[in-house]
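Mapping of the sequence shown onto the numbering used here: residues 76 to 186, in sequence order.
C-beta atoms are modelled at their ideal positions from N, C-alpha and C, and glycine is treated no differently.
Report on the structure given below.
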Amino acid sequence: MRFYGIASEGRVIEVLEHLEDGIWFFEDTKTGSRERLDAKQVKEKLRDILRQVEEWKEKLHLIPKNTVFVFVHEPSDPKAFKIYDTSSLGCASSLSPPRWKIYKEGVQIKD
């Protein structure tokens, strides 16, 4: 499954408009937690994470404003997201596992 980086938090909000109803899963790889969500809850969860990303970009002045933290499998028909945190910065050829994964039931994504 191919993922596309989204440099703008505003663009992520636009992608959320294409989110399908159904059963979704949210995983926090740092804590090992997994939640079952509906589409509305996914949108709320992603908006919370986006606020955190915006805060990192404001507070950590060394992070360029166009740094990509959010990746989506298909912007026009999103079924999976990978969201990285600041610990992934500085990786040259590959990213560490994502901090958060959000995906629709039945979709399998690899780190």
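**Item:** D123, enclosing beta strand (DSSP E) - first and last residue
**Value:** Within the sequence shown, the letter at position 48 stands for residue 123. No beta strand (DSSP E) contains D123, which is instead part of the alpha helix (DSSP H) from A114 to K134.
**Prompt:** In whole angstroms, what separates the C-alpha of Y79 from that of P172?
**Reply:** In the sequence shown, the residue the question calls residue 79 occupies position 4. In the sequence shown, the residue the question calls residue 172 occupies position 97. Cα-Cα distance, rounded: 15 Å.
**Request:** Would you check if the distance between the CB atom of H148 and the CB atom of V182 is smaller than 9 Å?
**Result:** Taking the first residue of the sequence shown as 1, we reach residue 148 at position 73. Taking the first residue of the sequence shown as 1, we reach residue 182 at position 107. A contact, by the Cβ cut-off of 9 Å.
**Bridge partner(s) assigned by DSSP for D103** = Here residue 103 is taken as the residue at index 28 of the sequence shown, counted from 1. According to DSSP, D103 bridges with S108 and W175.
**Message:** In whole angstroms, give me the CA-to-CA distance for Y159 and I98.
**Reply:** Taking the first residue of the sequence shown as 1, we reach residue 159 at position 84. Taking the first residue of the sequence shown as 1, we reach residue 98 at position 23. So the alpha carbons of these two residues sit roughly 22 Å apart.
**Request:** Note down the Cα distance separating I184 from D152, rounded to an integer number of angstroms.
**Result:** Start at 1 with the first residue of the sequence shown, and residue 184 comes out as number 109. Start at 1 with the first residue of the sequence shown, and residue 152 comes out as number 77. Cα to Cα, I184 sits roughly 15 Å from D152.
**Request:** Could you pull the start and end residues of the beta strand (DSSP E) that I158 belongs to?
**Result:** The count along the sequence shown starts at 1 and reaches residue 158 at position 83. A155 to I158 is the span of the beta strand (DSSP E), which, as asked, contains I158.
**Integer Cβ distance of E102 from W175, believed to fall under 8 Å** = On the sequence shown, position 27 is the one that residue 102 refers to. On the sequence shown, position 100 is the one that residue 175 refers to. So it is a contact: roughly 7 Å between Cβ atoms.
**Prompt:** Considering only residues of the same chain and omitting the five flanking positions on each side of I138, which have a CB-CB separation below 8 Å?
**Reply:** Within the sequence shown, residue 138 is the residue found at index 63, counting from 1. The residues are W131, K132, T161 and L164.
**Request:** Report the three-state DSSP secondary structure of V87 (helix, strand or coil).
**Result:** As a position in the sequence shown, residue 87 is number 12, starting the count at 1. The answer is helix: DSSP assigns V87 an H, G or I state.
**Prompt:** Residues bridged to F146 by DSSP?
**Reply:** Residue mapping note: residue 146 aligns to position 71 of the sequence shown, counting from 1. For F146, which the question treats as bridged, DSSP gives the partners G80 and K157.
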